[in-house]
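Student:
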Amino acid sequence: MLRDRIPPGVLPPTALHHGGPPVTTMTDTLPAARAPEPDAPAEEVTTPAADTSEEATAPERTPPALRDMPGMLWPVAIVALVGATAAALVGFALSYRTLVDAAQGWGFGVYGSRAFPIGVDGAIVGFYAFDLILVWRRMPKPMLRGAAHLMTAVTIALNVTAASSSAPGRPDVWAALAEQPGRLISHAAMPIVFVFTVEGVRHLISRTARLEAGVDAGVLTLADWALHPVITWRIFQHAKTWPCTYDRARREVRELAVYRVWLKHRQAIEAGLKEGQVSALDRLPDLLAPYGVSVEDALAVPDEMRRRERERQATRKRIDQELKHQAECEERERAHAEKLAKLAAEKEELRAAGELDVLRAEVEGERQAAAHLAAAAADTAGIEAAAARSAAERAATEAERRAAAEEEAEESARTMALRRKAAEDERAAARAAKEAAEAADRAADIAARAAAKEAEAQRIAAAAERDKEAAAAAELRAAQAREEARRAELRAVAAEDALSLSDRDRRVRRVAWMIATRAGGDPLRLPLGEIEVALGVQNGAASTYRKDAADLIGSGYDYRTDPLHAAYQEVYKTNWASA
Numbered sequence: 008m009l010r011d012r013i014p015p016g017v018l019p020p021t022a023l024h025h026g027g028p029p030v031t032t033m034t035d036t037l038p039a040a041r042a043p044e045p046d047a048p049a050e051e052v053t054t055p056a057a058d059t060s061e062e063a064t065a066p067e068r069t070p071p072a073l074r075d076m077p078g079m080l081w082p083v084a085i086v087a088l089v090g091a092t093a094a095a096l097v098g099f100a101l102s103y104r105t106l107v108d109a110a111q112g113w114g115f116g117v118y119g120s121r122a123f124p125i126g127v128d129g130a131i132v133g134f135y136a137f138d139l140i141l142v143w144r145r146m147p148k149p150m151l152r153g154a155a156h157l158m159t160a161v162t163i164a165l166n167v168t169a170a171s172s173s174a175p176g177r178p179d180v181w182a183a184l185a186e187q188p189g190r191l192i193s194h195a196a197m198p199i200v201f202v203f204t205v206e207g208v209r210h211l212i213s214r215t216a217r218l219e220a221g222v223d224a225g226v227l228t229l230a231d232w233a234l235h236p237v238i239t240w241r242i243f244q245h246a247k248t249w250p251c252t253y254d255r256a257r258r259e260v261r262e263l264a265v266y267r268v269w270l271k272h273r274q275a276i277e278a279g280l281k282e283g284q285v286s287a288l289d290r291l292p293d294l295l296a297p298y299g300v301s302v303e304d305a306l307a308v309p310d311e312m313r314r315r316e317r318e319r320q321a322t323r324k325r326i327d328q329e330l331k332h333q334a335e336c337e338e339r340e341r342a343h344a345e346k347l348a349k350l351a352a353e354k355e356e357l358r359a360a361g362e363l364d365v366l367r368a369e370v371e372g373e374r375q376a377a378a379h380l381a382a383a384a385a386d387t388a389g390i391e392a393a394a395a396r397s398a399a400e401r402a403a404t405e406a407e408r409r410a411a412a413e414e415e416a417e418e419s420a421r422t423m424a425l426r427r428k429a430a431e432d433e434r435a436a437a438r439a440a441k442e443a444a445e446a447a448d449r450a451a452d453i454a455a456r457a458a459a460k461e462a463e464a465q466r467i468a469a470a471a472e473r474d475k476e477a478a479a480a481a482e483l484r485a486a487q488a489r490e491e492a493r494r495a496e497l498r499a500v501a502a503e504d505a506l507s508l509s510d511r512d513r514r515v516r517r518v519a520w521m522i523a524t525r526a527g528g529d530p531l532r533l534p535l536g537e538i539e540v541a542l543g544v545q546n547g548a549a550s551t552y553r554k555d556a557a558d559l560i561g562s563g564y565d566y567r568t569d570p571l572h573a574a575y576q577e578v579y580k581t582n583w584a585s586a
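Below is the structure:
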């Protein structure tokens with residue numbers, strides 16, 4: 008969202024209480040809530056370049072190391088340590104003796120009377136020690152501190168009760184307090200001293216840990232609660248609601264109060280400045296005095312507010328220009344990508360056409376070669392048959408001539424020779440006929456193979472043509488699908504941006520549509536499994552979405568009037584209006 012991209016300082020301070028994290032706008036230009044030290048220099052109004060949070064510009068406060076402690080403080084630290092340890096040991100010893108004597112009269116027995124004080128005092132020491140460790144680890148547990156205080160109070164009560172019971176006449180506590188107050192106070196003093204000692208150590212540890220972590224930024228003192236209880240409560244509430252330091256909460260609450268005063272009297276101040284009247288402006292120091300604003304700073308508030316407004320407008324204009332430039336860049340990138348895709352498709356088409364032409368040329372060459380081979384074989388067979396016929400004719404003529412000559416020479420010899428020659432001629436003619444038939448068979452086989460190769464080439468060419476047409480059709484369908492998905496996505500995004508809904512609200516409305524179209528308006532008829540698959544969530548989240556969708560339908564929501572209806576109709580190809 009555009010609001011998420013606006014930097015701090017552009018939104019007015021009223022955004023502090025509208026459901027988002029705290030946004031500081033006049034952190035450094037307005038004076039601090041507390042007056043400066045007497046020898047500290049007066050504050051000055053900073054320039055916009057220095058308008059940053061105090062946490063980012065203030066020097067880091069860290070506690071001095073033990074080796075940096077002045078030499079005169081070492082004896083003080085040793086005396087404090089020895090004195091506190093001695094007080095604690097003396098207090099526990101006196102308390103132990105008193106409680107042992109009292110426990111024997113309370114029915115604990117010999118062993119129980121000696122173990123009882125150890126258990127009580129051990130619980131106090133354990134709780135305080137555990138609390139100090141957790142404070143040092145920056146994970147305090149208030150319950151342990153309360154339990155330690157409670158056990159200390161129990162110890163004090165037991166010591167006071169034991170002291171009153173051991174007094175002459177065994178008076179009750181109130182009577183002993185009235186007669187011998189020093190007796191009871193002396194028994195209660197040592198546990199109280201131990202509590203004070205532990206609290207001092209706890210303050211040292213917690214303060215040191217916070218300073219080392221860089222999170223110590225002010226406290227709310229009793230003076231703050233006494234002098235300004237309402238404002239102090241607002242600071243406390245702001246710091247706890249939006250986790251931050253008290254100093255930051257103090258600045259933001261004070262900044263919001265100053266801004267509200269400005270909004271309330273802005274019209275009068277602007278009108279007074281235009282007409283030359285300064286009565287409204289003169290009242291600003293008095294109106295802002297409860298918030299610790301000096302006279303000069305109060306009089307400078309109108310100029311500061313106008314400067315802030317100009318800066319916010321300039322920032323908004325710059326952000327709008329950046330968004331416009333980004334949209335133009337995205338559009339140019341999209342057009343460039345589409346152009347590259349188109350060129351790639353043309354390149355693929357040309358490559359396929361080239362491959363098809365090469366394949367056609369190869370098939371045509373093979374077909375022509377087969378035809379030439381068949382023709383050559385047929386010619387060879389014809390020539391061989393003609394030669395065989397010529398040889399047979401010559402042989403027959405020669406046989407007739409020889410037969411006539413022999414007939415004249417010798418009739419019987421001629422007859423036998425003619426018969427032999429006739430048999431030989433018949434055999435030669437049979438061989439020639441057989442060879443001619445074999446040549447014809449070879450020619451027919453060659454012609455058949457050539458015809459088969461030509462048919463296979465035609466089949467390959469037809470298959471390549473079909474593949475080309477199928478590829479072109481698939482590419483066209485894919486382009487149409489991508490264009491349709493892009494348009495549907497753009498319409499869905501536009502509808503979602505128009506609604507300015509959160510992701511959870513869109514999911515609830517989608518489940519409401521599923522209830523209306525798939526379950527007949529009854530939420531219980533819609534299985535949770537469909538919601539889990541549709542939204543990609545767990546069973547518990549699906550149940551919550553179904554309940555929220557039922558509440559939305561019960562409040563009068565009609566999905567057919569929702570802008571998301573048209574967008575999702577394009578995405579999922581579903582006619583919701585007919586449902």
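If you use this note's numbering, the sequence shown corresponds to residues 8 to 586, in order.
Every residue, glycine too, gets a C-beta built ideally from N, C-alpha and C.
What you are looking at is a predicted structure, and each value in this text was computed from that prediction instead of being measured.
(1) For Arg-553, count the other beta carbons within 10 Å of its own beta carbon; 16 or more makes it buried, fewer makes it exposed. Which is it?
(2) Report all residues from its chain with a CB closer than 8 Å to the CB of Ala-388; omit the five preceding and five following residues, and keep chain order.
(3) Taking 8 Å as the cut-off, does the region 432–443 touch the region 377–395 (at least 3 CB pairs, one atom from each stretch)?
(4) Report yes if the CB atom of Ile-242 is closer than 8 Å to the CB atom of Ala-256, and no otherwise.
(5) Output needed for Ala-169: all residues of its chain with C-beta closer than 8 Å, excluding positions within five of it in sequence on either side, in chain order.
(6) Looking at Arg-209: is its Cβ nearer than 8 Å to the Cβ of Asp-138?
(7) When burial is assigned at 16 or more other CB atoms within 10 Å of the CB, is Asp-128 buried or exposed?
(8) Beta carbon of Lys-460, beta carbon of Arg-374: below 8 Å?
(9) In chain order, what residues of the same chain have a beta carbon less than 6 Å from the beta carbon of Ala-359, not counting five sequence neighbours either side?
(10) Can you tell me the Cβ-Cβ gap for Val-205 and Tyr-135, rounded? I've got them flagged as a contact below 8 Å.
(11) Mapping DSSP to helix, strand and coil, what is Pro-530?
(12) Return the CA-CA distance between Glu-432 and Val-370, expressed in angstroms with no decimal places.
(13) Would you identify the three-state DSSP class for Glu-67, choosing helix, strand or coil?
(14) Is there contact here, the region 468–488 with the region 348–368, by at least three beta-carbon pairs under 8 Å?
(15) Going by beta-carbon coordinates alone, are Leu-363 and Ala-477 separated by less than 8 Å?
(16) Report the residue from Glu-356, Thr-551, Pro-309 and Phe-201 whose alpha carbon sits nearest the alpha carbon of Val-97.
(17) Going by alpha carbons, who is nearest to Met-521 out of Trp-240, Ser-509, Leu-535 and Glu-303?
(18) Do you know how far the Cα of Asp-558 is from the Cα of Ser-301?
(19) Residue ranges of each alpha helix (DSSP H) run of no fewer than 4 residues wholly in the region 323–389, ordered along the chain?
(20) Evaluate the contact criterion for the region 329–345 versus the region 288–297: three or more CB pairs, one atom per stretch, below 8 Å.
(21) Return the Cβ separation of Ser-457 and Ala-377 in integer angstroms, given the expectation that the two are a contact with Cβ distance under 8 Å.
(22) Can you tell me the Cα-Cα spacing of Ala-233 and Thr-568, whole angstroms?
(23) Are the beta-carbon atoms of Ala-155 and Ile-131 separated by less than 8 Å?
(24) Check for me: the alpha helix (DSSP H) holding Ala-99 runs from which residue to which?
(25) Once DSSP output is grouped into helix, strand and coil, what is the label at Gln-244?
(26) Sorted by chain position, which residues of the same chain lie with C-beta nearer than 6 Å to Ser-213's C-beta, five sequence neighbours on each side aside?
(27) Applying the criterion that 16 or more other CB atoms from any shown protein chain within 10 Å of the CB defines a buried residue, is Trp-269 buried or exposed?
(28) Let me check understanding here. Comparing Cα to Cα, which of Phe-203, Ile-199, Thr-252 and Arg-319 lies closest to Leu-225?
(29) With DSSP run on the structure shown, which of helix, strand or coil describes Pro-250?
(30) Please report how far the alpha carbon of Val-540 lies from the alpha carbon of Ala-479, in whole angstroms.
(31) Going by the CB atoms, is the gap between Ala-381 and Ala-454 shorter than 8 Å?
(32) Is Thr-404 helix, strand or coil by DSSP?
(33) With distances taken from CA atoms, which of Leu-531, Gly-528, Leu-542 and Glu-490 is nearest Val-515?
(34) Indicate the three-state DSSP secondary structure (helix, strand or coil) for Pro-147 in the structure shown.
(35) Return helix, strand or coil for Ser-60, following the three-state DSSP convention.
(36) Could you check if Val-167 is buried or exposed, using at least 16 other CB atoms within 10 Å of its CB as the buried criterion?
Tutor: The relevant details are as follows:
(1) Position 546 of the sequence shown, counted from the start, is the residue given in the question as residue 553. Buried, since its Cβ has 16 or more Cβ neighbours within 10 Å.
(2) Residue numbering aside, residue 388 sits at position 381 when the sequence shown is read from its first letter. So the list reads Ala-443, Ala-446, Ala-447, Arg-449 and Ala-450, once near-sequence residues are dropped.
(3) Touching, yes, given that three or more Cβ pairs across the two stretches are closer than 8 Å.
(4) Here the question's residue 242 lines up with position 235 in the sequence shown. Here the question's residue 256 lines up with position 249 in the sequence shown. Contact flag set, yes.
(5) Walking along the sequence shown from the start, residue 169 turns up at place 162. Same-chain partners within the cutoff: Thr-105, Leu-106, Asp-108, Ala-109 and His-194.
(6) Along the sequence shown, read from residue 1 onward, the residue named residue 209 stands at position 202. Along the sequence shown, read from residue 1 onward, the residue named residue 138 stands at position 131. Cβ atoms of Arg-209 and Asp-138: closer than 8 Å.
(7) Counting from 1 along the sequence shown, the entry for residue 128 is found at position 121. So Asp-128 ends up on the buried side.
(8) Reading the sequence shown from its first residue, position 453 is the one you call residue 460. Reading the sequence shown from its first residue, position 367 is the one you call residue 374. A contact, by the Cβ cut-off of 8 Å.
(9) The residue you call residue 359 lines up with position 352 of the sequence shown. Within the same chain, Ala-359 has close Cβ partners Lys-475.
(10) Reading the sequence shown from its first residue, position 198 is the one you call residue 205. Reading the sequence shown from its first residue, position 128 is the one you call residue 135. Sure, about 5 Å apart at Cβ, within 8 Å.
(11) Numbered from its first residue, the sequence shown carries residue 530 at position 523. Helix, per DSSP.
(12) Position 425 of the sequence shown holds residue 432. Position 363 of the sequence shown holds residue 370. What sits at residue 432 in the sequence shown is Asp, not Glu. The C-alpha of Asp-432 lies about 48 Å from the C-alpha of Val-370.
(13) Residue mapping note: residue 67 aligns to position 60 of the sequence shown, counting from 1. Caution applies to Glu-67, whose pLDDT of 44 falls short of 50 and renders its modelled position unreliable; the value that the coordinates give is listed next. Three-state DSSP puts Glu-67 in coil, outside helix and strand.
(14) Enough Cβ pairs lie closer than 8 Å, so yes.
(15) Numbered from 1 along the sequence shown, position 356 holds the residue referred to as residue 363. Numbered from 1 along the sequence shown, position 470 holds the residue referred to as residue 477. Here Leu-363 is not near Ala-477, since their CB atoms are 8 Å or more apart.
(16) Reading the sequence shown from its first residue, position 90 is the one you call residue 97. The option with the nearest alpha carbon to Val-97 is Phe-201.
(17) Residue mapping note: residue 521 aligns to position 514 of the sequence shown, counting from 1. Nearest to Met-521 by C-alpha distance, out of Trp-240, Ser-509, Leu-535 and Glu-303, is Leu-535.
(18) The sequence position of residue 301 within the sequence shown is 294, counting from 1. The sequence position of residue 558 within the sequence shown is 551, counting from 1. Whole-angstrom Cα-Cα distance: 53 Å.
(19) For the region 323–389, not a single whole alpha helix (DSSP H) run of length 4 or above is found.
(20) Short answer: they don't touch.
(21) Residue 457 sits at position 450 when you count from the first residue of the sequence shown. Residue 377 sits at position 370 when you count from the first residue of the sequence shown. It should be noted that the sequence gives Ala, not Ser, for residue 457. Confirmed, Cβ separation roughly 3 Å.
(22) In the sequence shown, counting from the first residue as 1, residue 233 sits at position 226. In the sequence shown, counting from the first residue as 1, residue 568 sits at position 561. When rounded, the distance between both Cα atoms is 57 Å.
(23) Position 148 of the sequence shown, counted from the first residue, corresponds to residue 155. Position 124 of the sequence shown, counted from the first residue, corresponds to residue 131. Yes, the Cβ-Cβ distance between Ala-155 and Ile-131 is below 8 Å.
(24) Translated into positions along the sequence shown, residue 99 becomes position 92. Correcting the residue type first, residue 99 is Phe in the shown sequence and not Ala. Phe-99 -> alpha helix (DSSP H) spans 80–112.
(25) In the sequence shown, residue 244 corresponds to position 237, counting from 1. In the structure shown, Gln-244 sits in a helix (DSSP, three-state: H, G or I).
(26) What you label residue 213 is simply residue 206 of the sequence shown in a count that begins at 1. Cβ neighbours of Ser-213 beyond the five flanking positions: Val-142.
(27) Stepping through the sequence shown from its first residue, residue 269 is reached at position 262. By the 10 Å Cβ count, Trp-269 comes out buried.
(28) Position 218 of the sequence shown, counted from the start, is the residue given in the question as residue 225. Before going further, note that residue 225 is Gly rather than Leu in the sequence given. Of the listed residues, the one whose Cα sits closest to Gly-225 is Thr-252.
(29) Residue 250 sits at position 243 when you count from the first residue of the sequence shown. Pro-250: coil per DSSP, three-state reduction.
(30) Residue numbering aside, residue 540 sits at position 533 when the sequence shown is read from its first letter. Residue numbering aside, residue 479 sits at position 472 when the sequence shown is read from its first letter. Rounded to the nearest angstrom, the two C-alpha atoms are 35 Å apart.
(31) Counting from one through the sequence shown, the residue named residue 454 turns up at place 447. Counting from one through the sequence shown, the residue named residue 381 turns up at place 374. Contact: yes.
(32) The residue you call residue 404 lines up with position 397 of the sequence shown. Thr-404 falls in the helix class under three-state DSSP.
(33) On the sequence shown, residue 515 is found 508 positions in, with the first residue counted as 1. Among Leu-531, Gly-528, Leu-542 and Glu-490, the Cα nearest to that of Val-515 belongs to Leu-542.
(34) Here residue 147 refers to the residue found at position 140 of the sequence shown. In this structure, Pro-147 counts as coil in the three-state DSSP scheme.
(35) The sequence position of residue 60 within the sequence shown is 53, counting from 1. Note that Ser-60 has pLDDT 38, beneath the 50 cutoff, so the model's placement of it is unreliable and the number below is only indicative. Assigned with DSSP and collapsed to three states, Ser-60 falls in coil, not helix or strand.
(36) For the purposes of this step, residue 167 is taken as the residue at position 160 of the sequence shown. When all chains shown are included, Val-167 counts as buried.
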